[in-house]
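Chemist: Sending over a structure as structure tokens; questions will come in a sec.
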Amino acid sequence: GVTSIATPENVLMVYVDTHGQPSGSRTDGDVVGLNSTGNSYSVTRGESTWNATYVFPPDSGLAPSNACVLCAAAYRGPGSSVVLVNKSPTTDGDLQTKVSVLGDTVVTFDSDWDYVGDLSGALLFARLDQNQIRLGTVNL
């Protein structure tokens, strides 16, 4: 499916066929909310709210700012969790992915892979490696 960003009253997930065209099928989805100030984020899903703050080391190469330096994306995760993904530059200029799974407990880790979504209760990741796309899962 492809998630359509919409107003909370009109949240839906549109499914596409093998050619990428809308299939006409859709399911309702719950709303994941994300607000940010600087490197602090407030994430909501259903009746749960999480507050997360990323602290970057002083040698990270990021300029001090009161605005959102690194903007996170929030996704529905396994069960009632939310997956917060934040990409930060490394000292060599590449992007490092920081993944936080917000659930009953909070788990945060760095990854060179891109978060794709929930796959039967596991976190699905992908990585472009030369001319191959590699897929992998993480169970929490």
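Residue numbers for the sequence shown follow the working numbering, so the first one is 36 and each next one is one higher. Beta carbons: idealized from backbone N, C-alpha and C, even for Gly. Computed from a predicted structure; not experimentally measured.
So, are the CB atoms of V120 and V142 less than 9 Å apart?
Modeler: no
Chemist: Excluding five sequence neighbours on each side, which residues of the same chain lie with their C-beta closer than 7 Å to the C-beta of R162?
Modeler: D147, W148, D149, R169
Chemist: Report the residue from V118, T132, A107, S123 whose alpha carbon sits nearest the alpha carbon of S19.
Modeler: Not covered by the structure: residue 19. The range shown for the chain is 36 to 175.
Chemist: Once DSSP output is grouped into helix, strand and coil, what is the label at S115?
Modeler: Here DSSP, grouped into helix, strand and coil, assigns S115 to coil.
Chemist: For W85, which three-state DSSP category applies?
Modeler: strand
Chemist: Using three-state DSSP, classify D147 as helix, strand or coil.
Modeler: coil
Chemist: Taking the beta carbon of V66 as the centre, do at least 16 other beta carbons fall within 10 Å, making it buried, or is it exposed?
Modeler: It is exposed - the Cβ of V66 has fewer than 16 other Cβ atoms within 10 Å.
Chemist: Between V151, D129, K122, E82, which lies nearest to Y89 when the distance is taken from Cα to Cα?
Modeler: Taking only the C-alpha atoms, the option nearest Y89 is K122.
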